[in-house]
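**Q** Residue numbers (the numbering used here): 66 to 519.
Note that CB positions come from ideal geometry on N, CA and C, so glycine has one too.
Remember, it's a predicted structure, so these values are computed and weren't measured experimentally.
This is the structure I have questions about; it appears just below.
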Amino acid sequence: MKKMWQCGLMVLVVMVAAVSARAADEVTDWNEAAFRAALVAAASPLNSGRVAAMVQTAVFDAVNGVDRRYTPIHVAPPPSCAGASRRAAAVQAAYVILSKVYGATATAANQQPTLDARLTASLAAIKARDNPASIAKGLACGQDVADAIWTWRSADADGFNTPQPPFFGNNVPGEWRSTPTDPYPGTSLPMAGRQYVAMTPWAIESPFQFRPAPPGPPDLNGVQYARDFNETKTMGSRTSAFRTADQTNAAWFWATGTAPLLWNQVALSLIEARSGDRDDDGERGDRWQRESGRDRDEQNRLLENARILATLNISMADAAIGCWDAKWEYRFWRPITAIREADPANPRIARDPGWTPLFATPAHQDYPSGHSCVSGAATTVLADEFGERTRFSVTSDLILGVSRSFRSFSDALEEVKNARIFAGIHFRTACDDGTKIGLAVGRYVLDHNFQRLR
Numbered sequence: 066m067k068k069m070w071q072c073g074l075m076v077l078v079v080m081v082a083a084v085s086a087r088a089a090d091e092v093t094d095w096n097e098a099a100f101r102a103a104l105v106a107a108a109s110p111l112n113s114g115r116v117a118a119m120v121q122t123a124v125f126d127a128v129n130g131v132d133r134r135y136t137p138i139h140v141a142p143p144p145s146c147a148g149a150s151r152r153a154a155a156v157q158a159a160y161v162i163l164s165k166v167y168g169a170t171a172t173a174a175n176q177q178p179t180l181d182a183r184l185t186a187s188l189a190a191i192k193a194r195d196n197p198a199s200i201a202k203g204l205a206c207g208q209d210v211a212d213a214i215w216t217w218r219s220a221d222a223d224g225f226n227t228p229q230p231p232f233f234g235n236n237v238p239g240e241w242r243s244t245p246t247d248p249y250p251g252t253s254l255p256m257a258g259r260q261y262v263a264m265t266p267w268a269i270e271s272p273f274q275f276r277p278a279p280p281g282p283p284d285l286n287g288v289q290y291a292r293d294f295n296e297t298k299t300m301g302s303r304t305s306a307f308r309t310a311d312q313t314n315a316a317w318f319w320a321t322g323t324a325p326l327l328w329n330q331v332a333l334s335l336i337e338a339r340s341g342d343r344d345d346d347g348e349r350g351d352r353w354q355r356e357s358g359r360d361r362d363e364q365n366r367l368l369e370n371a372r373i374l375a376t377l378n379i380s381m382a383d384a385a386i387g388c389w390d391a392k393w394e395y396r397f398w399r400p401i402t403a404i405r406e407a408d409p410a411n412p413r414i415a416r417d418p419g420w421t422p423l424f425a426t427p428a429h430q431d432y433p434s435g436h437s438c439v440s441g442a443a444t445t446v447l448a449d450e451f452g453e454r455t456r457f458s459v460t461s462d463l464i465l466g467v468s469r470s471f472r473s474f475s476d477a478l479e480e481v482k483n484a485r486i487f488a489g490i491h492f493r494t495a496c497d498d499g500t501k502i503g504l505a506v507g508r509y510v511l512d513h514n515f516q517r518l519r
């Protein structure tokens with residue numbers, strides 16, 4: 066897919082911030098709704114990413130099904146999409162998926178009243194623009210597509226809703242075992258994310274398609290492992306005298322931020338900037354020409370926004386699947402375990418039984434880094450769409466006053482990798498190889514999906 070547009074502005078992304086009224090459409094509005102619902106439900110990054118992929122797949126296949134311009138992700142256009150309102154189809158598709166996940170039958174807080182109110186508001190706005198017959202068809206189209214997507218991913222839901230057998234690892238040097246977790250002093254948690262190991266991918270051929278070739282993590286007696294070990298031990302310690310204040314800020318920013326949420330907000334803000342540039346162009350002709358031309362532009366923009374967000378979210382979801390496949394294959398230990406239990410016979414490293422990372426260690430393996438996998442996929446998709454050298458800033462509402470600015474997507478990806486080391490929760494090789502998985506997944510999704518038909 067060719068780079069279609071490059072942002073010349075510095076774009077400010079505020080996490081969980083709503084898209085401005087001028088740029089918002091039904092696709093972007095319900096993307097934001099999906100992540101608001103995930104925050105209310107306190108969904109994990111893996112779970113919120115999976116739901117976002119379901120929502121955006123349903124939205125894209127519904128909107129694209131009205132006037133098919135791209136190959137579908139999963140659902141061929143059902144008869145109900147003929148002559149349908151794209152706006153209504155997008156809204157209903159997202160609403161159905163979110164209601165199934167976060168509605169009356171949800172295990173977390175019931176958000177059905179909030180979702181119902183949002184649907185009512187969306188349809189009220191659509192009724193001012195589209196005729197009743199097309200709206201009715203749009204609702205049917207969105208419903209049919211969302212139901213098909215839900216059926217397709219039902220096996221995922223079983224895995225996420227059913228408690229997994231606990232896995233605490235073992236005491237073999239180099240292999241993962243439960244780590245001390247700060248929120249629960251004196252306790253350890255079983256490995257998280259096992260549901261992703263056997264999950265059906267969205268677009269890639271198999272979970273292990275981009276699995277790093279053996280040996281995977283570096284040999285415990287090798288130079289590379291010693292280099293990784295000493296870097297994280299020095300830079301990732303809670304009491305590090307070498308980590309700068311800016312590096313500490315980066316570590317906390319990326320450690321507390323949810324990767325799918327963050328990269329969706331980057332996408333929404335870049336979409337908004339692009340929309341603003343187009344809306345500011347001069348228009349000529351009489352009022353009817355202006356209005357009809359604007360409606361065509363908005364309809365096209367709706368489809369393109371659906372494509373961008375679907376590409377982004379299925380790429381991140383597949384990167385997570387590939388990442389957890391590799392985690393389970395190699396089961397490499399975390400820095401907190403490696404540093405506290407290092408082999409004293411290795412002359413290149415030194416054990417420190419009291420070493421503590423800056424950030425609490427997540428309950429899954431070091432190799433490869435999940436944040437690096439997901440961010441590698443996200444930056445690949447966004448760079449392809451908006452241009453590699455797009456400048457943007459990200460401000461978190463979770464940590465007051467912390468903002469990160471980037472000159473390019475590759476700069477942002479490099480900081481993601483470094484931040485995991487500064488946080489003391491990953492080794493360099495885990496971040497580098499995680500990035501490779503994400504880059505490969507993102508490129509594969511771009512090259513093999515969303516093929517233009519006309």
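Using a Cβ-Cβ cut-off of 6 Å (strictly less than) and excluding sequence neighbours within five positions of Ala-371, which residues of its own chain qualify?
**A** Excluding sequence neighbours, Ala-371 sits near Val-92, Val-124, Phe-125 and Val-128.
**Q** Taking the continuous beta strand (DSSP E) assigned at Arg-469, which residues delimit it?
**A** Its beta strand (DSSP E) spans residues 468-471.
**Q** Restricting to Cα atoms, I'd like to know which of Ile-502, Trp-420, Ile-490 and Glu-337 is closest to Arg-399.
**A** Selected option, being the one with the closest Cα: Ile-490.
**Q** Can you tell me where the alpha helix (DSSP H) with Val-237 in it begins and where it stops?
**A** No alpha helix (DSSP H) contains Val-237, which DSSP labels as neither H nor E.
**Q** Suppose you measure from the CA of Ser-458 to the CA of Pro-412; what does that come to, to the nearest Å?
**A** Cα-Cα distance, rounded: 43 Å.
**Q** Could you give the distance in angstroms between the alpha-carbon of Gly-207 and the alpha-carbon of Gln-274?
**A** If you take the alpha carbons of Gly-207 and Gln-274, they lie about 32 Å apart.
**Q** Nearest-angstrom Cα distance between Asn-26 and Ala-425?
**A** A question about residue 26 goes unanswered here, because the residues of the chain that appear run from 66 up to 519.
**Q** State the start and end residues of the unbroken beta strand (DSSP E) segment that holds Ser-271.
**A** No beta strand (DSSP E) contains Ser-271, which DSSP labels as neither H nor E.
**Q** Hey, could you find the ends of the beta strand (DSSP E) Phe-457 is sitting in?
**A** Its beta strand (DSSP E) spans residues 457-460.
**Q** Identify which residue in Gly-341, Thr-494 and Asn-329 has its Cα closest to the Cα of Thr-444.
**A** Closest option to Thr-444, Cα to Cα, is Asn-329.
**Q** Give every residue of the same chain whose Cβ lies closer than 6 Å to the Cβ of Pro-143, excluding the five residues on either side of it in the sequence, and list them in chain order.
**A** Cβ neighbours of Pro-143 beyond the five flanking positions: Asp-209.
**Q** What do you reckon, are the CB atoms on Thr-244 and Thr-402 nearer than 8 Å?
**A** Taking 8 Å as the Cβ cut-off, Thr-244 and Thr-402 qualify as a contacting pair.
**Q** For Tyr-135, does the three-state DSSP call read helix, strand or coil?
**A** Tyr-135 falls in the strand class under three-state DSSP.
**Q** Use the C-beta contact count for Val-288: other C-beta atoms within 10 angstroms, 16 or more gives buried, fewer gives exposed.
**A** Flag for Val-288 reads exposed.
**Q** State buried or exposed for Gly-258, treating a residue as buried only when at least 16 other CB atoms are found within 10 Å of its CB.
**A** Buried, since its Cβ has 16 or more Cβ neighbours within 10 Å.
**Q** With Asn-295 as the anchor, note down where its alpha helix (DSSP H) starts and where it stops.
**A** Looking at the DSSP string, the run of the alpha helix (DSSP H) that includes Asn-295 is 288-300.
**Q** Bridge partners for Phe-397 per DSSP, in chain order?
**A** The partner list for Phe-397 (beta bridge, DSSP) reads Glu-240.
**Q** Taking only the alpha-carbon atoms, compute the straight-line gap between Lys-482 and Ala-310 and give it to the nearest angstrom.
**A** Spanning the two alpha carbons is a distance of roughly 17 Å.
**Q** Roughly how many angstroms lie between the CA atoms of Gly-503 and Asn-196, to the nearest whole one?
**A** Cα-Cα distance, rounded: 43 Å.
**Q** With a threshold of 7 Å on Cβ separation, who are the neighbours of Pro-409 within its own chain once the five nearest residues in sequence on each side are excluded?
**A** The answer, listed in chain order, is Arg-416.
**Q** Assign Asn-365 to one of two classes, buried (16 or more other C-beta atoms within 10 Å of its C-beta) or exposed (fewer than that).
**A** Label assigned to Asn-365: exposed.
**Q** Counting only the same chain and skipping the five closest in sequence on each side, list residues whose C-beta sits under 8 Å from that of Arg-405.
**A** Once the five neighbours on either side are set aside, the close Cβ partners of Arg-405 are Arg-416, Asp-417, Pro-418, Gly-419 and Trp-420.
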